[in-house]
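Input: a single structure, listed below in C-alpha coordinates.
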Amino acid sequence: MSENEKKTEEIIDEATDEVVEEATADVVEEEVVKSEVEVLQEKLDEMEDKFLRASAEIANITTRNRNEREQLQKYRSQDLAKKLLTSVDNLERAMAIEVHDEQAASLKKGVEMVLESLRNAFKEEGIEEIPAKGQTFDPTLHQAVQTIPASDEFPADTIVEVLQKGYKLHDRILRPTMVIVSQ
3 MSENEKKTEE IIDEATDEVV EEATADVVEE EVVKSEVEVL QEKLDEMEDK FLRASAEIAN
63 ITTRNRNERE QLQKYRSQDL AKKLLTSVDN LERAMAIEVH DEQAASLKKG VEMVLESLRN
123 AFKEEGIEEI PAKGQTFDPT LHQAVQTIPA SDEFPADTIV EVLQKGYKLH DRILRPTMVI
183 VSQ
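Numbering of the sequence shown is given in this note's numbering, commencing with residue 3 and proceeding in unit increments.
Below, the structure written as C-alpha coordinates:
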(Lines of atoms letter the chains of each structure in order from A and count residues from 1; the text may use other names and numbers.)
(Lines give C-alpha, C1' and ligand atoms only; values in the text may rest on other atoms or scores of the structure.)
Protein backbone atom coordinates (compact mmCIF):
# COMPACT_ATOMS: atom_id res chain seq x y z
CA MET A 1 0.00 0.00 0.00
CA SER A 2 1.32 3.30 -0.95
CA GLU A 3 1.72 6.27 1.23
CA ASN A 4 -1.21 8.03 -0.46
CA GLU A 5 -3.46 5.07 -0.03
CA LYS A 6 -2.60 4.88 3.68
CA LYS A 7 -3.33 8.57 4.13
CA THR A 8 -6.57 8.22 2.23
CA GLU A 9 -7.54 5.25 4.35
CA GLU A 10 -6.71 7.15 7.56
CA ILE A 11 -8.76 10.14 6.40
CA ILE A 12 -11.66 7.82 5.54
CA ASP A 13 -11.37 6.09 8.96
CA GLU A 14 -11.31 9.43 10.77
CA ALA A 15 -14.28 10.70 8.74
CA THR A 16 -16.15 7.47 9.41
CA ASP A 17 -15.41 7.71 13.14
CA GLU A 18 -16.65 11.33 13.19
CA VAL A 19 -19.85 10.40 11.32
CA VAL A 20 -20.44 7.44 13.68
CA GLU A 21 -19.83 9.64 16.73
CA GLU A 22 -22.15 12.34 15.40
CA ALA A 23 -24.84 9.76 14.56
CA THR A 24 -24.50 8.21 18.02
CA ALA A 25 -24.70 11.66 19.65
CA ASP A 26 -27.81 12.45 17.56
CA VAL A 27 -29.45 9.17 18.61
CA VAL A 28 -28.65 9.80 22.31
CA GLU A 29 -29.87 13.41 22.01
CA GLU A 30 -33.05 12.19 20.26
CA GLU A 31 -33.69 9.70 23.10
CA VAL A 32 -33.18 12.44 25.69
CA VAL A 33 -35.60 14.72 23.81
CA LYS A 34 -38.07 11.83 23.44
CA SER A 35 -37.81 11.09 27.18
CA GLU A 36 -38.45 14.77 28.03
CA VAL A 37 -41.46 14.82 25.70
CA GLU A 38 -42.85 11.70 27.38
CA VAL A 39 -42.38 13.23 30.85
CA LEU A 40 -44.08 16.45 29.75
CA GLN A 41 -46.93 14.47 28.15
CA GLU A 42 -47.46 12.56 31.42
CA LYS A 43 -47.56 15.85 33.35
CA LEU A 44 -50.01 17.28 30.83
CA ASP A 45 -52.25 14.21 31.13
CA GLU A 46 -52.13 14.44 34.94
CA MET A 47 -53.03 18.14 34.90
CA GLU A 48 -55.85 17.51 32.41
CA ASP A 49 -57.24 14.78 34.69
CA LYS A 50 -57.10 17.13 37.71
CA PHE A 51 -58.82 19.86 35.69
CA LEU A 52 -61.62 17.50 34.60
CA ARG A 53 -62.13 16.27 38.16
CA ALA A 54 -62.24 19.83 39.51
CA SER A 55 -64.73 20.83 36.79
CA ALA A 56 -66.96 17.87 37.63
CA GLU A 57 -66.80 18.71 41.35
CA ILE A 58 -67.78 22.33 40.66
CA ALA A 59 -70.69 21.15 38.51
CA ASN A 60 -71.82 18.81 41.33
CA ILE A 61 -71.62 21.58 43.92
CA THR A 62 -73.58 23.93 41.67
CA THR A 63 -76.30 21.34 41.08
CA ARG A 64 -76.51 20.45 44.77
CA ASN A 65 -76.70 24.14 45.71
CA ARG A 66 -79.46 24.79 43.16
CA ASN A 67 -81.46 21.80 44.45
CA GLU A 68 -81.10 22.98 48.05
CA ARG A 69 -82.30 26.48 47.11
CA GLU A 70 -85.30 24.99 45.30
CA GLN A 71 -86.16 22.84 48.33
CA LEU A 72 -85.87 25.84 50.66
CA GLN A 73 -88.12 27.87 48.39
CA LYS A 74 -90.65 25.07 48.00
CA TYR A 75 -90.97 24.39 51.74
CA ARG A 76 -90.31 27.89 53.11
CA SER A 77 -93.77 28.18 54.70
CA GLN A 78 -93.66 24.81 56.47
CA ASP A 79 -92.83 26.07 59.97
CA LEU A 80 -95.34 28.92 59.88
CA ALA A 81 -98.07 26.62 58.60
CA LYS A 82 -97.48 24.15 61.43
CA LYS A 83 -97.88 26.97 63.93
CA LEU A 84 -101.07 28.24 62.29
CA LEU A 85 -102.81 24.85 62.11
CA THR A 86 -104.04 25.04 65.71
CA SER A 87 -105.49 28.50 65.01
CA VAL A 88 -107.33 27.12 61.99
CA ASP A 89 -108.64 24.27 64.16
CA ASN A 90 -109.90 26.76 66.76
CA LEU A 91 -111.56 28.93 64.11
CA GLU A 92 -113.28 25.85 62.66
CA ARG A 93 -114.54 24.92 66.14
CA ALA A 94 -115.88 28.46 66.52
CA MET A 95 -117.69 28.08 63.20
CA ALA A 96 -119.36 24.87 64.43
CA ILE A 97 -121.13 26.70 67.27
CA GLU A 98 -124.84 27.45 66.76
CA VAL A 99 -125.76 31.12 67.16
CA HIS A 100 -129.19 32.52 67.96
CA ASP A 101 -128.91 36.28 68.02
CA GLU A 102 -127.77 38.87 65.51
CA GLN A 103 -124.67 39.95 67.40
CA ALA A 104 -123.36 36.38 67.61
CA ALA A 105 -124.15 35.85 63.92
CA SER A 106 -122.15 38.97 63.08
CA LEU A 107 -119.22 37.74 65.17
CA LYS A 108 -119.45 34.32 63.50
CA LYS A 109 -119.37 36.02 60.08
CA GLY A 110 -116.10 37.75 61.07
CA VAL A 111 -114.58 34.46 62.20
CA GLU A 112 -115.68 32.89 58.93
CA MET A 113 -113.93 35.65 56.95
CA VAL A 114 -110.68 35.17 58.93
CA LEU A 115 -110.87 31.40 58.43
CA GLU A 116 -111.46 31.81 54.70
CA SER A 117 -108.50 34.19 54.32
CA LEU A 118 -106.27 31.67 56.14
CA ARG A 119 -107.48 28.87 53.87
CA ASN A 120 -106.73 31.02 50.79
CA ALA A 121 -103.25 31.81 52.10
CA PHE A 122 -102.66 28.09 52.69
CA LYS A 123 -103.83 27.29 49.17
CA GLU A 124 -101.51 29.90 47.65
CA GLU A 125 -98.56 28.38 49.52
CA GLY A 126 -99.41 24.84 48.39
CA ILE A 127 -100.84 23.70 51.72
CA GLU A 128 -103.87 21.49 51.35
CA GLU A 129 -106.10 19.38 53.55
CA ILE A 130 -105.57 15.63 53.39
CA PRO A 131 -108.84 13.98 52.27
CA ALA A 132 -109.97 11.39 54.80
CA LYS A 133 -113.62 10.56 55.54
CA GLY A 134 -114.75 7.57 53.47
CA GLN A 135 -111.20 7.04 52.13
CA THR A 136 -109.07 3.94 52.58
CA PHE A 137 -106.77 4.23 55.58
CA ASP A 138 -103.18 5.15 54.62
CA PRO A 139 -100.71 5.14 57.55
CA THR A 140 -98.48 7.65 55.75
CA LEU A 141 -101.32 10.21 55.68
CA HIS A 142 -103.58 9.20 58.57
CA GLN A 143 -103.15 8.45 62.24
CA ALA A 144 -105.66 5.94 63.58
CA VAL A 145 -106.61 6.74 67.17
CA GLN A 146 -109.57 4.37 67.40
CA THR A 147 -111.04 1.44 65.51
CA ILE A 148 -114.60 0.19 65.16
CA PRO A 149 -115.91 -3.07 63.72
CA ALA A 150 -116.38 -3.07 59.93
CA SER A 151 -119.93 -2.95 58.55
CA ASP A 152 -121.75 -2.82 55.20
CA GLU A 153 -121.56 0.98 55.28
CA PHE A 154 -117.86 1.05 56.24
CA PRO A 155 -115.79 -1.90 54.95
CA ALA A 156 -112.49 -2.78 56.63
CA ASP A 157 -109.73 -0.14 56.52
CA THR A 158 -112.17 2.67 55.73
CA ILE A 159 -112.01 5.97 57.60
CA VAL A 160 -115.27 6.39 59.49
CA GLU A 161 -114.70 9.75 61.18
CA VAL A 162 -112.12 12.54 61.20
CA LEU A 163 -111.16 13.76 64.66
CA GLN A 164 -108.56 16.29 63.53
CA LYS A 165 -107.85 17.41 59.96
CA GLY A 166 -104.47 16.69 58.47
CA TYR A 167 -102.52 18.92 56.11
CA LYS A 168 -99.68 18.55 53.65
CA LEU A 169 -97.36 21.03 51.96
CA HIS A 170 -96.78 19.82 48.41
CA ASP A 171 -95.59 16.26 49.14
CA ARG A 172 -94.63 16.69 52.81
CA ILE A 173 -97.02 15.85 55.62
CA LEU A 174 -97.36 18.78 58.03
CA ARG A 175 -99.76 16.91 60.28
CA PRO A 176 -101.43 13.51 59.72
CA THR A 177 -105.21 13.30 59.90
CA MET A 178 -106.42 11.80 63.21
CA VAL A 179 -109.13 9.30 62.31
CA ILE A 180 -111.36 6.47 63.45
CA VAL A 181 -110.98 3.43 61.20
CA SER A 182 -113.21 0.41 60.62
CA GLN A 183 -111.60 -3.02 61.02
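All residues carry an ideal CB built from backbone N, CA and C; glycine is no exception.
Since the model is a prediction, treat every value here as computed from it, not as a measurement.
Just the Cα atoms here: how many angstroms apart are L117 and V147? 27 Å
Burial state of T64, where buried means 16 or more other Cβ atoms lie within 10 Å: exposed
Integer Cβ distance of L143 from T179, believed to fall under 8 Å: 6 Å
Are there three or more Cβ pairs, one per stretch, closer than 8 Å when the region 153 to 167 is compared with the region 132 to 142? yes
Between which two residues does the alpha helix (DSSP H) containing E155 stretch? No alpha helix (DSSP H) holds E155; DSSP gives it neither H nor E.
Are the CB atoms of E165 and I182 nearer to each other than 8 Å? Residue 165 is actually Leu in this sequence, not Glu. It is a contact, given that the beta carbons lie within the stated cut-off.
DSSP bridge partner residues for K170 (one or two, in chain order): E130, I175
Reducing DSSP to helix, strand and coil, say where S57 ends up. helix
Where the alpha helix (DSSP H) through S89 begins and ends: 80 to 98
With distances taken from CA atoms, which of Q145, A56, E50, S153 is nearest Q185? S153
Identify whether T142 lies in helix, strand or coil by the three-state DSSP scheme. coil
For I129, count neighbouring Cβ atoms within 10 angstroms of its own Cβ and tell me buried if that reaches 16, exposed if not. buried
Have a look at E16 and E5 and give me their C-alpha separation to the nearest angstrom. 16 Å
Mapping DSSP to helix, strand and coil, what is Q185? coil
Give the straight-line distance between the Cα atoms of I99 and S108, rounded to the nearest whole angstrom. 13 Å
With a 10 Å radius around its C-beta and 16 neighbouring C-beta atoms as the bar for buried, classify F53 as buried or exposed. exposed
Just to confirm, is the Cβ distance from L93 to V113 under 8 Å? yes
Excluding the 5 residues preceding and the 5 following S79 in the sequence, name in chain order all residues of the same chain whose CB lies nearer than 6 Å to its CB. E127
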